[in-house]
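A.B. asks: Straight run, no breaks: the sequence shown in the working numbering ends on number 317. Built from N, CA and C at the ideal position, the CB exists for glycine as well.
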Amino acid sequence: MLSAIPSRLDIVTSHERIKSYINRTPVLFSEIINELCGCQVFFKCENLQKIGAFKARGGLNAALSLDKELIANGLCTHSSGNHAQAVALAAKMLHTKAYIVMPNNAPKPKVNGVINLGAELIFCEPTLEARENGVREIIEKTGAHFIHPFDNYDVIAGQATAAKELLEENPDLDSILAPVGGGGLLSGTGLSVKYFSNKAKVYAGEPEGAADAVLSFRSGKVEKAPYINTIADGLLTNLSDKTLEIIKNTVEDILLVNDEEILTALKLVFNNLKIIIEPSCAVPLAALIKNKHLFKNQQVGIILSGGNVDLSKLTF
2 MLSAIPSRLD IVTSHERIKS YINRTPVLFS EIINELCGCQ VFFKCENLQK IGAFKARGGL
62 NAALSLDKEL IANGLCTHSS GNHAQAVALA AKMLHTKAYI VMPNNAPKPK VNGVINLGAE
122 LIFCEPTLEA RENGVREIIE KTGAHFIHPF DNYDVIAGQA TAAKELLEEN PDLDSILAPV
182 GGGGLLSGTG LSVKYFSNKA KVYAGEPEGA ADAVLSFRSG KVEKAPYINT IADGLLTNLS
242 DKTLEIIKNT VEDILLVNDE EILTALKLVF NNLKIIIEPS CAVPLAALIK NKHLFKNQQV
302 GIILSGGNVD LSKLTF
């Protein structure tokens, strides 16, 4: 297990560890979106990853990094959905038990994904305190090993492999955008750009209705959002000390967007790339469209983080 910020070698080793278990997801583009944005946009389609999200990378890397003794009593985590599925998948592959604490308002496709992977599901109130208490009770009862959704260097190293693959296919990218919730994907993306690119800059997209990361980025300490109200349900978590430390040193800026802008970006992807993504996944494209002047004539990569969406809840 990693005990410090992942190095270049750590990310390379993590990629080797997980690559036979994950999909090497495609990179797509749309001439219509390019014209609209005034730049060339390359979409890394992690919505086509195992369990429908990039989280498979970090969850598998963390689990596969553990000694057999540590997984003998199972794995556990708390998550609103995608990391829950990642840990459930890892436990299934390692032939051990998975205990998952999920908020009772988690999207149905993510709940069903956890159940279908054979995990034991425990619902809780939709607060961080309730989630953490639920995990604590599981560990006391079972001795299961806890894999945090993002405050874990092995998880971060696993998430970094998405940007590593994107840069292997598009080494001349000028910028990469990713969404930010707890910061696992963003911090991993920042590290990969630092190690594997000579020029790219990293930006994050964040919903106005869950704007904690931008406050943390500016103050240098973990902050809470002033209010929570967004369609981007996968981005409701605060940064951690681990992710913030990396983000401060590798990310250029965090760009805010509202729900209307997120839905517009979502429809653009549906209509032009012909793939399904969840609202959280559309946030970086919304940020690009809103801030086109920052990326004019550039080659821009966007990590499409996941596709586990309850279509019945979308207003269009």
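Where does residue 78 fall in DSSP's three states?
C.D. replies: If DSSP states are grouped into helix, strand and coil, residue 78 belongs with the strands.
A.B. asks: Ends of the beta strand (DSSP E) at residue 100?
C.D. replies: Its beta strand (DSSP E) spans residues 99 to 104.
A.B. asks: Identify every run of the alpha helix (DSSP H) within the stretch 190 to 273, keeping only runs that are complete inside it and at least 4 residues long; order them along the chain.
C.D. replies: Segments of the alpha helix (DSSP H) lying fully in the stretch 190 to 273: 214 to 220 and 242 to 251.
A.B. asks: Any idea what DSSP makes of residue 123, helix, strand or coil?
C.D. replies: Of the three classes helix, strand and coil, the one that applies to residue 123 here is strand, per DSSP.
A.B. asks: Name the DSSP bridge partner or partners of residue 42?
C.D. replies: Paired residues: 301.
A.B. asks: Of the choices 310, 263, 268 and 161, whose alpha-carbon is the least far from that of residue 287?
C.D. replies: The shortest C-alpha separation from residue 287 is found at 263.
A.B. asks: Starting from residue 27 and walking both ways along the alpha helix (DSSP H), at which residues does that stretch end?
C.D. replies: Where residue 27 is concerned, there is no enclosing alpha helix (DSSP H), given that its DSSP letter is neither H nor E.
A.B. asks: Name, in chain order, the residues that DSSP records as bridge partners for residue 146.
C.D. replies: Note: residue 146 sits in a beta bridge opposite 76.
A.B. asks: Taking 8 Å as the threshold, find out whether the stretch 38 to 49 comes into contact with the stretch 167 to 178 through three or more Cβ pairs.
C.D. replies: Short answer: they touch.
A.B. asks: Would you call the CB atoms of residue 110 and residue 309 closer than 8 Å?
C.D. replies: Against a cut-off of 8 Å, the Cβ pair of residue 309 and residue 110 comes out as a contact.
A.B. asks: Return yes when the Cβ of residue 63 is within less than 8 Å of the Cβ of residue 159, no when it is not.
C.D. replies: Going by C-beta atoms, residue 159 is nearer than 8 Å to residue 63.
A.B. asks: Please state whether DSSP places residue 286 in a helix, a strand or coil.
C.D. replies: Residue 286 falls in the helix class under three-state DSSP.
A.B. asks: Can you tell me the Cβ-Cβ gap for residue 258 and residue 239, rounded? I've got them flagged as a contact below 8 Å.
C.D. replies: 18 Å between Cβ atoms; not a contact.
A.B. asks: What are the boundary residues of the beta strand (DSSP E) that residue 178 is part of?
C.D. replies: Here the beta strand (DSSP E) through residue 178 covers 176 to 180.
A.B. asks: Would the stretch 273 to 285 count as touching the stretch 212 to 223 if we require 3 or more Cβ pairs under 8 Å?
C.D. replies: Flag = no, the stretch 273 to 285 and the stretch 212 to 223 do not touch.
A.B. asks: Inspect the beta-carbon positions of residue 55 and residue 186 and report whether they are closer than 8 Å.
C.D. replies: In contact: residue 55 and residue 186 (Cβ atoms closer than 8 Å).
A.B. asks: Should residue 24 go down as buried or exposed, given a rule of 16 or more other Cβ atoms within 10 Å for buried?
C.D. replies: The residue is exposed, with fewer than 16 neighbouring Cβ atoms inside 10 Å.
A.B. asks: If we ignore side chains and look at the alpha-carbon of each, how far apart do residue 189 and residue 69 end up?
C.D. replies: One C-alpha to the other measures close to 26 Å.
A.B. asks: Could you pull out every residue in the same chain whose Cβ sits closer than 7 Å to the Cβ of residue 255, ignoring the five residues on either side in sequence?
C.D. replies: Answer for residue 255: 181, 205, 207, 214, 215 and 218, listed in chain order.
A.B. asks: With 16 as the cutoff for other CB atoms within 10 Å, does residue 228 come out buried or exposed?
C.D. replies: Exposed is the call here.
A.B. asks: If you run the structure through DSSP and keep just helix, strand and coil, what is residue 107?
C.D. replies: Three-state DSSP puts residue 107 in coil, outside helix and strand.
A.B. asks: Would residue 53 and residue 174 be called neighbours here (beta carbons separated by less than 8 Å)?
C.D. replies: In this structure, residue 174 does not lie closer than 8 Å to residue 53 by Cβ.
A.B. asks: When you compare each of 203, 290 and 156 to residue 2 by their alpha carbons, which one comes out closest?
C.D. replies: The candidate whose alpha carbon is nearest that of residue 2 is 156.
A.B. asks: Using alpha carbons as the reference points, say which of 211, 253 and 132 lies closest to residue 200.
C.D. replies: Of the candidates 211, 253 and 132, the one whose C-alpha sits nearest the C-alpha of residue 200 is 253.
A.B. asks: With 16 as the cutoff for other CB atoms within 10 Å, does residue 163 come out buried or exposed?
C.D. replies: Result: buried.
A.B. asks: By DSSP, does residue 53 sit in helix, in strand, or in coil?
C.D. replies: If DSSP states are grouped into helix, strand and coil, residue 53 belongs with the helices.
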